[in-house]
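A quick write-up on the structure given underneath.
Residue numbers (the numbering used here): 2 to 278.
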């Protein structure tokens with residue numbers, strides 16, 4: 002048994018999709034979340050910058066004495082080299098591999114779509130992962146760079162005409178194609194899942210990386226005998242690198258509960274840009 006918290010980080014609100022699923026699957030676990038709202042989005046940055054930011058985020062979570070780290074960011078998961086991950090002495094998972102595995106299992110015809118940030122799509126990491134699992138996989142990817150800033154600014158309601166218009170433009174590449182499965186390859190994207198599902202219809206299965214990653218996290222903690230076995234509900238504390246007010250408002254709306262008193266601002270620039278070997 003281990004009562005230390007699970008550490009989760011993302012560039013902003015998106016990683017809350019992982020937190021939401023963790024709270025469902027592991028209701029007794031304590032969670033510390035860091036959203037790098039002062040530098041969001043990561044998906045338009047170069048790979049070296051993303052890795053530098055990710056190392057600072059990880060170092061912050063390590064300072065909070067967490068027992069596991071989840072990179073709840075598709076861009077980080079597609080960019081972080083194994084050499085960095087190998088520096089960690091605690092369980093770690095990104096969101097890319099859990100989502101890729103789920104898509105390969107779900108797809109009947111092997112034709113799978115991926116939407117993500119520009120950096121994620123350019124990396125080709127999802128395609129590489131899926132083809133290593135399923136050699137008949139045919140991948141179609143499309144970058145959706147406006148989704149993250151729109152979601153961060155609260156354009157998330159299913160009837161919001163702005164987010165719907167942008168989504169229809171990004172998703173038209175998949176309409177009429179043969180894909181039967183689509184990976185929401187950025188953890189922000191499940192927040193607008195109803196919009197995406199309505200546009201693509203029931204014939205396309207949507208893979209939520211937050212949901213799949215929460216399952217993997219539960220399995221890793223079980224394997225390592227690190228589950229919190231207390232019967233008390235777990236706590237959540239949120240840290241951001243910019244405004245606490247906007248994060249609390251939009252995050253509370255998505256999570257379905259007030260988090261106003263649980264959000265604190267930190268100076269992420271104070272943390273090292275590399276991990277110690």
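Positions of the beta carbon are idealized from the N, C-alpha and C atoms, including for glycine. Keep in mind the model is a prediction, meaning the values are calculated, not measured.
- Task: Output the distance between the C-alpha atoms of residue 126 and residue 266, rounded to the nearest integer angstrom.
- Result: 32 Å
- Message: Report the start-end ranges of each beta strand (DSSP E) in the segment 82-155 that is 3 residues or longer and not cut off at the edges.
- Response: 112-117 and 139-144
- Task: Go ahead and pull the three-state DSSP assignment for residue 67.
- Result: coil
- At least 3 beta-carbon pairs within less than 8 Å: the segment 243-260 vs the segment 212-222: no
- Cβ atoms of residue 19 and residue 73: under 7 Å apart, would you say? yes
- Put residue 252 into one of helix, strand or coil per three-state DSSP. helix
- Query: Should residue 76 go down as buried or exposed, given a rule of 16 or more other Cβ atoms within 10 Å for buried?
  - Reply: buried
- Tell me the start and end of each unbroken alpha helix (DSSP H) in the segment 203-276 that is at least 4 residues and wholly inside, in chain order. 210-224 and 245-256
- Query: Would you say the segment 200-215 touches the segment 168-177, given that touching needs at least three Cβ pairs under 8 Å?
  - Reply: yes
- What distance in whole Å lies between the Cβ atoms of residue 193 and residue 152, which are believed to be in contact at a cut-off of 8 Å? 6 Å
- Inter-residue Cα distance where the pair is residue 30 and residue 229: 6 Å
- Item | For residue 9, three-class secondary structure by DSSP | strand
- Please go through the same chain and pick out, in chain order, the residues whose beta-carbon is closer than 8 Å to the beta-carbon of residue 258, but skip the five residues on each side of it. none
- Query: Nearest to residue 146 by alpha carbon, out of 34, 189 and 83?
  - Reply: 189
- Between residue 22 and the rest of its own chain, which residues show a CB-CB distance below 7 Å, the 5 nearest in sequence each way excluded? 211, 212 and 215
- Under the DSSP definition of a beta bridge, which residues are partnered with residue 33? 8 and 238
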